[in-house]
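Colleague:
2 protein chains.
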Amino acid sequence: MPKDIVVIGGVATGPKAAARARRRDAKARITIVEQGRLISYAGCGMPYFMSGLIENVAELTRTAAGIDRDPAYFRDYKDIEVLTGTRAERIDRQRKEVALVEVDTGKTSTIHYDKLVLATGAVPVMPPVSGLDLGRVFRLSHPDDAVAIRKSAFSRGTRHVTVVGGGLIGIETAECLAESGFDVTVVEMLPHVLAALLDPEISALIENYLRSSGVELRTGERLLELQGDENGNVTKVITDKGEIQTDMAVVAIGVRPNVSLAVEAGLETGPTGAIAVNEYLQTSDPDIYAGGDCVENTHLVSGKKVFVPLGSTANKHGRIIGDNVTGGQSTFEGVAGTTVLKVLDYKVGRTGLTEQEALRLGYKVRAAIAPSADSAHYYPDNKKITVKLVADAATDRVLGAQVLGEGEAIKRIDVVATALTFGATIDQLSKLDLGYAPPFNTAIDAVHQAANVARNKRDGLAVSLTASEVHDKLVRGDDFIFLDVRQRHEYEERERIEDPRVKLIPLGELRRRLGELPKDAEIVTICAFSLRGYEAQRILSGAGFKNVKFVDGGLSSWPYEKWVGKK
Amino acid sequence: MPKDIVVIGGVATGPKAAARARRRDAKARITIVEQGRLISYAGCGMPYFMSGLIENVAELTRTAAGIDRDPAYFRDYKDIEVLTGTRAERIDRQRKEVALVEVDTGKTSTIHYDKLVLATGAVPVMPPVSGLDLGRVFRLSHPDDAVAIRKSAFSRGTRHVTVVGGGLIGIETAECLAESGFDVTVVEMLPHVLAALLDPEISALIENYLRSSGVELRTGERLLELQGDENGNVTKVITDKGEIQTDMAVVAIGVRPNVSLAVEAGLETGPTGAIAVNEYLQTSDPDIYAGGDCVENTHLVSGKKVFVPLGSTANKHGRIIGDNVTGGQSTFEGVAGTTVLKVLDYKVGRTGLTEQEALRLGYKVRAAIAPSADSAHYYPDNKKITVKLVADAATDRVLGAQVLGEGEAIKRIDVVATALTFGATIDQLSKLDLGYAPPFNTAIDAVHQAANVARNKRDGLAVSLTASEVHDKLVRGDDFIFLDVRQRHEYEERERIEDPRVKLIPLGELRRRLGELPKDAEIVTICAFSLRGYEAQRILSGAGFKNVKFVDGGLSSWPYEKWVGKK
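Keeping their order, the protein sequence lines are chains A and B. So the first sequence is residues 1 to 567, counted in this note's numbering. So the second sequence is residues 1001 to 1567, counted in this note's numbering.
#1: Is there a C-beta anywhere in chain B that falls below 8 Å from the one on A:Gly85?
#2: Provide the residue span of the beta strand (DSSP E) that contains B:Pro1257, from first to last.
#3: Quick check on DSSP: helix, strand or coil for B:Arg1069?
#4: For B:Glu1469, which of helix, strand or coil comes out of DSSP?
#5: Report the rounded CA-to-CA distance for B:Thr1061 versus B:Lys1003, giving the unit in angstroms.
#6: Tell me the residue span of the beta strand (DSSP E) that contains A:Phe550.
#7: Could you pull the DSSP bridge partners for A:Glu81 from this structure?
#8: Taking only beta-carbon positions, decide if A:Arg513 is within less than 8 Å of chain B.
#9: Using a Cβ-Cβ distance under 8 Å, would B:Phe1545 count as near chain A?
#10: When you check each C-beta in the segment 1419-1443 of chain B against every C-beta of chain A, which residues fall closer than 9 Å?
#11: Buried or exposed: which applies to B:Gln1329, given that a residue is buried once 16 or more other Cβ atoms fall within 10 Å of its Cβ?
#12: Would you mind working out which of A:Gly106, A:Glu89, A:Lys549, A:Ile238 sits nearest A:Ser130, comparing C-alpha positions?
#13: Relative to the C-alpha of A:Ile171, which candidate in A:Phe332, A:Tyr48, A:Ala462, A:Arg29 has its C-alpha closest?
#14: With a Cβ-Cβ cutoff of 8 Å, do A:Val33 and A:Ile149 count as a contact?
#15: Using DSSP's beta-bridge definition, name the partner residues of A:Lys305.
#16: Per the DSSP calculation, B:Gly1228 is bridged to which residue(s)?
#17: Between A:His142 and the ligand FAD, is there a pair consisting of the residue's CB and a ligand heavy atom that are separated by less than 7 Å?
#18: Would you verify that the beta carbon of A:Tyr48 is, or is not, closer than 8 Å to some beta carbon of chain B?
#19: Go ahead and pull the three-state DSSP assignment for A:Lys567.
#20: Buried or exposed: B:Val1416, going by 16 or more other Cβ atoms within 10 Å of its Cβ?
#21: Using 8 Å as the limit for Cβ to Cβ distance, is B:Lys1304 near chain A?
#22: Against chain B, does A:Asp145 count as a neighbour if the rule is that its beta carbon must be under 8 Å from one of theirs?
#23: Among the residues of its own chain, which have a CB less than 7 Å from the CB of B:Ala1174, if the five just before and after it don't count?
#24: Measuring alpha carbon to alpha carbon, tell me which of A:Cys294, A:Gln487, A:Gly515 ends up nearest B:Tyr1077.
#25: Would a C-beta distance cut-off of 8 Å place B:Pro1380 and A:Ile54 closer than the cut-off?
#26: What is the DSSP secondary structure of B:Gln1245, reduced to helix, strand or coil?
#27: Any C-beta of chain A within less than 7 Å: which residues of the segment 1399-1417 of chain B qualify?
#28: For A:Pro124, which beta-bridge partners are listed by DSSP?
#29: When burial is assigned at 16 or more other CB atoms within 10 Å of the CB, is B:Val1263 buried or exposed?
#30: Considering only the beta carbon of each residue, do A:Ala119 and A:Cys294 sit closer than 8 Å?
#31: Can you round the beta-carbon distance between B:Ala1401 and B:Ile1413 to whole angstroms, since I take them to be within the 8 Å contact cut?
#32: Can you check which of these residues, B:Gly1066, B:Leu1531, B:Lys1519, B:Glu1059, is closest to B:Lys1546 by C-alpha distance?
#33: With 9 Å as the C-beta to C-beta threshold (strictly closer), list the residues of the segment 328-358 of chain A near chain B in chain order.
#34: So what does DSSP say about A:Gln402, is it helix, strand or coil?
#35: From B:Ile1091 to A:Leu399, what does the alpha carbon distance come to, in whole angstroms?
#36: Flag this pair as yes or no: are the beta carbons of A:Ser51 and A:Arg69 separated by less than 8 Å?
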């Protein structure tokens, strides 16, 4: 008798699991139950439709060949029945039945399963404030939301949008709207945007960039209330620090796994609150599988359970579940916590652990920052990227990386994500045979560069301070020589730090001007990217200076105030 | 007493080794001996200067901060003495001395070493034909060559350039000149361009692209002679198949390692003819190190010795040698054979082994081709790439990949290069947590896609023929149904194969039109990218058809003649 496979949830994991199951089993009866009207939509594309970059919302439910993924598509192409507008109310694990209700009519029914797949996704978290029901206040969790936001944004008189939440979805929303010409304010409760993803000094670089691009960021500021006009439309966002006049608001403070059906059925959840699954993506009931945004994953570096809802993982889960509900034995080992996003012309990504996460987990951390050109510096249109590498000082294992800039940052994230999946050390990372040609990178790629900085630190050759440590010294009034070793014209015409402790000695003059520096002084060297700062530190150390450090990442990674020269 | 470190060769490995040695040892006496006038130049940048993309040749000898890397730079910044215009004539290993001669004056001297570094690079191979000494016949192995080529190319009346050699340097030269508007003919003796780097069907795709972009390719054609006019300038290239009228010629048929000094000193060379070194990059004399284009490397996949001269490897070698001549114990394990290049708007790369190389080495090969969008298909300006993955059918280990297309091909090469360095299997590759966001890739990245195709083949789900196998069947007159399963409008308006055996049944109609196909017929399905072709094969196999296969990579990877529809 053909097997009954029932899939609850029709966005990413669900349809993928169903289609994969069909390719492996021509006879099974496969049904997808989806409470919404749409199925198999590209949720990750919503910000780009919302802002007008993608013209037609139907693009998000079409295959690459231009075919609409509607129930008829699943019937004709996949021999899969899709019940849209149908909510799964309850799972009866004894009878192996799911109670269904038609959303529009209230009509109830039951469906039998041999294998059940939970792909119930995540739901937006809404803050506990009043005014969320005002007109022109949106969330972004369904293409219908994107349609409504776009309609509101492109209606007459909309100039200013407030985005509540500076996490992944909030910043993607903000950048899309800013790119489309709106005035955007982001309100984020935490001290930094993307605080769950990046170390503070990396967030700070993105904040500087967003602000210089005209996006208003109000970090460390808590939403208290939304207020509206006589038509019931939002006009004001009230925070603990002030008011924002606005024409519309998008609330995107995060999501939580949608586990209610699973919990009511007595399935186990894990430490993150998401559904617990084993490596076969089986729940605590071996006939019920779960995947996508409703489950937790194992972190490949830390081994801890994490909740990292992403469309890429959801699709991988779907394929594995499709295997396993048709007799396969596929496994999912975990995620590296890789997350990437576009922020206007910046590409930003992280993988593995941040320095802060690693410290919290008890690692002894060695971090390195390497700003670099993304292609040969003599090749036209090369662009800057900055790599922050985080390694385990005890084992030299790569723990994570953060990369950002206008250049090809994501390529470097993918390289580190791959390397750390296999437990690479900083030495191995530094010797990877990456593709080199001048249009694509430097002979020593930015990833190699970062790994080499970490190795130099380990070997005691490179002795550095972070920008934050040096900033603290400046603020505290410490007595030290802040030695800028760039060329004079860079110092005069580009950005620099204005402080009486700053002294300029171009690197090329340093060897013959050693006499100008007291041997017992504390000296902190700085340049643009930290290559010359490091070289200066080596020269001074080699000449017997005892207390010399360079600033990690140089001026290009200095997130604090700088004085900008003539240019 | 400070140590004497002598470095012979001043391009990439040499200066890198010297600079690294200085950072580790402030006291050593370090000397670079270079027979040319320039040192530390970016040889890989020469094609881009030659064609006018890079304005000033001095860019190739400047640091990222704009400082000229001349002998004064090495003296002031690095405390390294550089002897340009000085040839190393002979190594006396007993006395630990190198005999030097000044190129201009003939003046001789000797220099003592404690540690000697050979970074003598590679020299161009010239074909055994007459006419190479004609005017306007060039090779490209030094910035002076690039200057001369550019001068000639941009002189009055130059329209047509012949590039002899369709390997890496030949194609880079051809693409740069074609991009700058010249008429370019490439003469290649082998049946395909880039034949040492890519499998034939991948080369064929690049050939189709180059030809469609106006570059004339004469493959399988051997250079016999160059002929000139009364002024002694080349005007004609004679091959075994015809004549090419031309205004200038660049000969780039390959390079060989420059080992004469090493061989005369009795140092060992390896099976490739390049200098043999151990993992510390020590030659057979433990006080003599060698690196860069004059040495051979171990291939990380095959374990065999290979000669792959590249600037990236040369720089890695330099750093390691710099460590080891100053008491370090750094190692270089080998190369993955990664090579990438820009070909007009295409990015092309390979890493590991090609299918042909793997077969020659005795592997049982499983290959998969996956054409894909490089970013979400609904995201504007996504571009196509094609991934060919080569795996070991016995162990599932990834052996190599080739990627090409207008999209982000090099990112995928770097991912596979990293994965195969750690012995990744196709299953591991398919589950890598790569950075996903619609501007950067598809939820299932092209690399995952290729790995999944290979897994489906292994598991017997995907049964395919290569384009070459199907083409043979067509030519041979085999009786089979060539089932195109695209939408009717794609079939009518886009490219297709014209043959009476071709039958159109769009995938969405296939399940209800099974009766039109005889169950015992051989059926070969095809679509655009091979996703639907695979799906059709699964539908037919599931319905009891016994002899069904799809075409690997679909029409987008079909290198043979196609009939192009209305569009």
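Backbone N, C-alpha and C define an ideal beta-carbon position, used for all residues, glycine too. Predicted, not measured: the structure shown is a model, and the values here were computed from it.
Modeller: So, from the listed chains and residues:
#1: Not one beta carbon of chain B lies nearer than 8 Å to the beta carbon of A:Gly85.
#2: Here the beta strand (DSSP E) through B:Pro1257 covers 1255-1257.
#3: DSSP places B:Arg1069 in coil when its eight states are reduced to three.
#4: DSSP places B:Glu1469 in helix when its eight states are reduced to three.
#5: Inter-residue distance for B:Thr1061 and B:Lys1003 is about 28 Å (C-alpha atoms, whole angstroms).
#6: If you look at A:Phe550, you'll find it in the beta strand (DSSP E) that goes 548-551.
#7: Answer is A:Thr31, bridged to A:Glu81.
#8: It does not; no Cβ of chain B falls within 8 Å.
#9: Answer no: the Cβ-Cβ gap between B:Phe1545 and chain A never drops below 8 Å.
#10: Per Cβ criterion, the list reads Ala1419, Thr1421, Phe1422, Gly1423, Ala1424, Asp1427, Gln1428, Leu1429, Ser1430, Lys1431, Leu1432, Asp1433, Leu1434, Gly1435, Tyr1436, Ala1437, Pro1438, Pro1439, Phe1440, Asn1441, Thr1442, Ala1443.
#11: So B:Gln1329 ends up on the exposed side.
#12: Ranking A:Gly106, A:Glu89, A:Lys549, A:Ile238 by Cα distance to A:Ser130 puts A:Ile238 first.
#13: Among A:Phe332, A:Tyr48, A:Ala462, A:Arg29, the Cα nearest to that of A:Ile171 belongs to A:Tyr48.
#14: Not closer than 8 Å, so no.
#15: Residue pairing by DSSP places A:Lys305 opposite A:Thr298 in a beta bridge.
#16: Partner(s): B:Val1234.
#17: This structure lacks the ligand FAD, and indeed carries no ligand of any kind.
#18: It does: the Cβ of A:Tyr48 has a partner Cβ on chain B nearer than 8 Å.
#19: Unreliable positioning characterises A:Lys567 in this predicted model, as indicated by a pLDDT of 45, which lies under 50. A coordinate reading is not provided.
#20: Label assigned to B:Val1416: buried.
#21: No, its Cβ sits nowhere closer than 8 Å to a Cβ of chain A.
#22: No - not a single Cβ of chain B is within 8 Å of the one on A:Asp145.
#23: If the five residues before and after B:Ala1174 are omitted, its C-beta is found closer than 7 Å to the C-beta atoms of Val1163, Val1184, Val1186, Val1215, all from its own chain and listed in chain order.
#24: The option with the nearest alpha carbon to B:Tyr1077 is A:Gln487.
#25: Between B:Pro1380 and A:Ile54, the gap from beta carbon to beta carbon is short of 8 Å.
#26: Of the three classes helix, strand and coil, the one that applies to B:Gln1245 here is strand, per DSSP.
#27: The segment 1399-1417 of chain B vs chain A, Cβ under 7 Å: Ile1410, Lys1411, Ile1413, Asp1414, Val1415, Ala1417.
#28: Residue pairing of A:Pro124 in beta bridges, as defined by DSSP: A:Val255.
#29: Sixteen is the threshold: since fewer than 16 other Cβ atoms of the shown chains lie within 10 Å of the Cβ of B:Val1263, the residue is exposed.
#30: The beta carbons of A:Ala119 and A:Cys294 sit closer together than 8 Å.
#31: Contact holds; Cβ gap of about 6 Å.
#32: Nearest Cα to B:Lys1546 within the set B:Gly1066, B:Leu1531, B:Lys1519, B:Glu1059: B:Lys1519.
#33: Those would be Gly328, Ser330, Thr331, Phe332, Glu333, Gly334, Val335, Ala336, Gly337, Thr338, Thr339, Val340, Leu341, Lys342, Lys347, Gly349, Arg350, Thr351, in chain order.
#34: In the three-state reduction of the DSSP assignment, A:Gln402 falls in the strand class, which pools E and B.
#35: Those two C-alpha atoms are separated by around 46 Å.
#36: Going by C-beta atoms, A:Ser51 is not nearer than 8 Å to A:Arg69.
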